[in-house]
Amino acid sequence: MELNLVGKRALVAGSTQGIGKAVAKVLAAHGAHVVLLARNREKLEQTLSELDRRHGQGHSFLVADYNEPETVEAALEEYLEEGHPIHILVNNTGGPAAGPIVDATP
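Residue numbers (my numbering): 869 to 974.
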């Protein structure tokens with residue numbers, strides 16, 4: 869399938885490893901400007917350096933921690949106020965700790 873994402877901006881949360889990193893790489897390969905979002909600056913910088921730029925797009929990252937929602941809100945507010953639209957959102961973050969469903973709280 870041919871997918872043209874040139875001119876689109878994709879925010880990928882949890883993007884420095886696993887599924888999030890793989891999705892970020894695929895979106896970049898299809899031409900999207902990828903905005904990485906994670907809590908570890910060093911891993912963000914490393915992942916940023918691995919993204920495809922063959923379509924002339926730039927990529928960027930935001931440092932924020934989903935365990936501290938105010939950091940995510942602040943980073944996104946600042947980014948959006950700078951006039952950067954988000955066309956694609958991949959909300960990939962770690963889930964709750966594993967355990968029996970009967971121990972889960974609503």
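Virtual Cβ for every residue (Gly too), placed ideally from N, Cα, C.
It should be emphasised that the depicted structure is a prediction, and the values quoted were computed from it without experimental measurement.
Here L873 is near L895, since their CB atoms are less than 8 Å apart. Per the coordinates, the alpha-carbon of A881 lies some 7 Å from the alpha-carbon of G888. Contact between I956 and A900 holds, with the beta-carbon distance rounding to 7 Å and staying under 8 Å. Rounded to whole angstroms, the separation of the alpha carbons of P968 and T961 is 20 Å. DSSP, reduced to helix, strand and coil, places A896 within a helical segment of the structure shown. V880: member of the beta strand (DSSP E) spanning R877 to A881, first to last residue. Excluding its 5 nearest sequence neighbours in each direction, F929 has C-beta neighbours in its own chain below 6 Å: L904, L912 and L916, listed in chain order. The shortest C-alpha to C-alpha distance from E918 to any of R909, K893 and G926 is the one to K893.
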